[in-house]
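Asks: Residue numbers (my numbering): 1104 to 1413.
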């Protein structure tokens, strides 16, 4: 198994070397693609040093050293992939020793597997990041993962919330997914460069609709997310707007892809619910109402619980 690792780099000068070292520890990794995204800190200097020090580390930049965002940087990295498999790693995160163990096994067993996702651990780097993490409601989260193996054919409906007959829960992050390079590149699916945040969510929705993604190591972390004062998603003051923009983009995609009406209605509903991002109880009621209206499996479980209480 040979893997290309794409690392978008922005303002991560203090973390990037650790991220690269965490990838270099794996014999499967044959190419590390750093895409420096016009950082105002010393990230470019660190990237140049790493590219000089390690033959398998490459440094790429946008034209004129522009800052174009994480999505555009990952897309740029895909242009340079040479290996049979590809994965992504944020510059402030890192891989664990388990990163490719399940991947080797599952890709060998399932020829139809286009990708495999696993669990991501959480490391609180500083007090400010930790406080924001807790304030966002993630205080007890130690592992970003799913609760059990998910049928690849059921993944899209689970992620979109349209149907969840397997009683699945949880989610996964970009750091913990590995793809077969050729199917991914040939699919034409890329990160949405119009989204300032949540471009990975948009990416997963589109991929799970057209590709087979299998559950890998979901009980132990294959990667670790650093929670710190520089995390964009923790300090997004426009969460309402960025979530609405995400679902507006997904609505446009659903129409262009001619998805069934229930998906278009779902994305429209989520866009409306995002108006209440700062009112979590209202948003929760709206999401439960959506599940009752759209997901017959959720409704069946809810009725079953009511009968069990009697």
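We put the CB at the ideal spot given by N, CA and C, even for glycine.
Excluding sequence positions up to five away, which residues of its chain have a Cβ less than 6 Å from the Cβ of residue 1217?
Replies: If we look at residue 1217 and ignore the five residues flanking it on each side, its Cβ neighbours are 1283, 1286, 1314 and 1315.
Asks: Compare the C-alpha of residue 1227 against each of 1214, 1245 and 1239 and name the closest.
Replies: Selected option, being the one with the closest Cα: 1245.
Asks: To the nearest angstrom, report how far apart residue 1211 and residue 1249 are at their CA atoms.
Replies: Using only the alpha carbons, I get a separation of about 22 Å.
Asks: Rounded to a whole number of angstroms, what is the C-alpha to C-alpha distance between residue 1239 and residue 1224?
Replies: If I take the Cα positions, the gap works out to 17 Å.
Asks: Relative to the alpha-carbon of residue 1334, which residue among 1104, 1108, 1118 and 1261 has its alpha-carbon at the smallest distance?
Replies: The option with the nearest alpha carbon to residue 1334 is 1118.
Asks: State yes or no: is the C-beta of residue 1165 nearer than 6 Å to some heavy atom of the ligand HEM?
Replies: Looking for the ligand HEM in the displayed structure turns up nothing, as the structure carries no ligands at all.
Asks: Keeping to the same chain, check which residues put their C-beta closer than 7 Å to that of residue 1202; ignore five residues upstream and five downstream.
Replies: Once the five neighbours on either side are set aside, the close Cβ partners of residue 1202 are 1129, 1325 and 1326.
Asks: So what's residue 1128 in DSSP terms, helix, strand or just coil?
Replies: Looking at residue 1128 - three-state DSSP - the assignment turns out to be coil, as it is neither helix nor strand.
Asks: Within the continuous alpha helix (DSSP H) that includes residue 1426, where are the two ends?
Replies: Because the chain here runs from 1104 to 1413, residue 1426 falls outside it and cannot be looked at.
Asks: Among 1221, 1135, 1209 and 1266, which one has its Cα closest to the Cα of residue 1400?
Replies: Among 1221, 1135, 1209 and 1266, the Cα nearest to that of residue 1400 is on 1266.
Asks: If I follow the unbroken alpha helix (DSSP H) through residue 1223, where does it start and stop?
Replies: No alpha helix (DSSP H) contains residue 1223, which is instead part of the beta strand (DSSP E) from 1222–1227.
Asks: Give the single residue among 1115, 1350, 1136 and 1280 whose Cα lies nearest to the Cα of residue 1297.
Replies: Of 1115, 1350, 1136 and 1280, the residue nearest in Cα terms is 1350.
Asks: From residue 1164 to residue 1138, what does the alpha carbon distance come to, in whole angstroms?
Replies: So the alpha carbons of these two residues sit roughly 5 Å apart.
Asks: Beta-carbon separation of residue 1262 and residue 1306 under 7 Å?
Replies: Cβ atoms of residue 1262 and residue 1306: not closer than 7 Å.
Asks: Quick check on the DSSP output: the alpha helix (DSSP H) that includes residue 1256 runs from which residue to which?
Replies: From DSSP, residue 1256 is part of no alpha helix (DSSP H); its letter is neither H nor E.
Asks: If you check the beta carbons only, do residue 1186 and residue 1134 fall under 7 Å apart?
Replies: Yes, they are a contact pair.
Asks: Distance, Cα to Cα, residue 1258 vs residue 1232?
Replies: Between residue 1258 and residue 1232, the C-alpha separation is close to 31 Å.
Asks: According to DSSP, which residues form a beta bridge with residue 1139?
Replies: Answer by DSSP bridge pairing, in chain order: 1112 and 1164.
Asks: Residue 1280 and residue 1220: beta carbons closer than 7 Å?
Replies: In contact: residue 1280 and residue 1220 (Cβ atoms closer than 7 Å).
Asks: Expressed to the nearest angstrom, what Euclidean distance is found between the alpha-carbon atoms of residue 1418 and residue 1353?
Replies: The structure shown has nothing for residue 1418, since the chain only spans 1104 to 1413.
Asks: For residue 1134, which beta-bridge partners are listed by DSSP?
Replies: Per DSSP, 1107.
Asks: Using only the alpha-carbon positions, how far apart do residue 1234 and residue 1215 sit?
Replies: Rounded to whole angstroms, residue 1234 to residue 1215 spans 42 Å at the Cα level.
Asks: Tell whether a beta-carbon distance below 7 Å holds between residue 1177 and residue 1275.
Replies: Contact: no.
Asks: Could you check how far apart the C-beta atoms of residue 1198 and residue 1126 are, in whole angstroms? I think they sit under 8 Å.
Replies: So it is a contact: roughly 6 Å between Cβ atoms.
Asks: Using a Cβ-Cβ cutoff of less than 8 Å, which residues in the same chain neighbour residue 1181 once the five nearest sequence positions on both sides are dropped?
Replies: The answer, listed in chain order, is 1109, 1189, 1287, 1288 and 1293.
Asks: Could you check the C-alpha separation between residue 1194 and residue 1166 for me, to the nearest Å?
Replies: The alpha-carbon atoms of residue 1194 and residue 1166 are separated by roughly 20 Å.
Asks: Mark residue 1398 as exposed unless 16 or more other C-beta atoms lie within 10 angstroms of its C-beta, in which case mark it buried.
Replies: Burial call: buried.
Asks: Can you confirm whether residue 1362, when its beta carbon is compared against all beta carbons of chain B, has any partner nearer than 7 Å?
Replies: Going by chain labels, chain B is absent from the structure shown, which holds only one protein chain.
Asks: On the DSSP bridge assignment, give the partners of residue 1203 in chain order.
Replies: Beta-bridge pairing links residue 1203 to no other residue.
Asks: Starting from residue 1330 and walking both ways along the beta strand (DSSP E), at which residues does that stretch end?
Replies: Looking at the DSSP string, the run of the beta strand (DSSP E) that includes residue 1330 is 1324–1330.
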